[in-house]
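Residue numbers (my numbering): 7 to 343.
Take a look at the structure:
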């Protein structure tokens, strides 16, 4: 039997795909989003329109940073699970508008935690980010690594989310699972992300910007793999780790019902190779503009997903060339040129 699940950020890239998969599985999904103009609200509206085709989908425009509407929502609705994907995203934008990150990612997340506590939610899953690894250089990134040196405010707020969730798991037994996403891409993606920017510019014959002279490596993770990992984790309510010790603590588990997972492809690809594959899929050559490293950026991301594989028997596996071909095919249909 399906369950009632709250998906915050349902008009977002990952949120829309997660909601659609849950609906297809027979669940009742309540989606919320504030539809802010960080990027084209028409794209967000189109995602919600796609979800409205399912009769068991409901949507409300709510800002998670507003305490009273969030409290009223949790009081009125009876959710079995919460998948919290709403956030102010974007590393570079955090340099320009830091207060937006405090409001959405800190105050907003506190409102979600309070709602889960008061409503007795069975499982809270929430989006963290590979950005929490910050200054770490040992590859691949492991959930057992210390992540106390973020290089941008976005990453710092995501690390704060993990700590806030742990406090609520410890104090109020709110079962919480943090999901460190690595460079998600695919159909219905975000216009501010590299994959969209590259495809759009190459198709239009405009230059693409390659930071660090294109010598960046990212663990590009296809959206279908991300969604599969998330939905498999929904019923995997975290239990306290009986072996956990404060004397030699494991950063990914706890004596509280709290857990952290990486969700990445575990196959980092150089950005220049991504450009080559896009050129191949589009059938046009890119005009390259080489630029230095940007503040707050990192040269490489690479996820160890062995914990995820042990937990749910799944390892993201969509090859980058296949994923790019799917994205380009969707882009041709959706974006007018």
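Positions of the beta carbon are idealized from the N, C-alpha and C atoms, including for glycine.
DSSP-derived helix/strand/coil call for residue 184: strand
With 16 other Cβ atoms within 10 Å as the buried cut-off, status of residue 152: exposed
Beta-carbon spacing of residue 181, residue 259 below 8 Å: no
Reduced DSSP category for residue 344 - H, G, I as helix; E, B as strand; rest coil: Lying before the first or after the last residue shown, residue 344 is absent from the chain, which here runs from 7 to 343.
Residue 117 to residue 68 span [Cα, whole Å]: 12 Å
Cross-strand partners of residue 142 (DSSP beta bridge): Looking at the DSSP assignment, residue 142 forms no beta bridge with any residue, so it has no partner.
CA-to-CA distance, residue 54 to residue 95, given in whole angstroms: 19 Å
CA nearest to the CA of residue 127, picked from 87, 303, 11, 164: 87
Beta-carbon spacing of residue 14, residue 90 below 8 Å: yes
Per DSSP, cross-strand counterpart(s) of residue 267: 185
Option in 169, 160, 148, 139 with minimal Cα separation from residue 102: 160
Alpha-carbon spacing of residue 63 relative to residue 218, whole angstroms: 43 Å
Buried or exposed by the 16-neighbour rule on C-beta atoms within 10 Å, applied to residue 37: buried
Expected contact under 8 Å - CB spacing of residue 267 and residue 163 to nearest Å: In fact, because the Cβ distance is near 19 Å, the residues do not count as touching under 8 Å.
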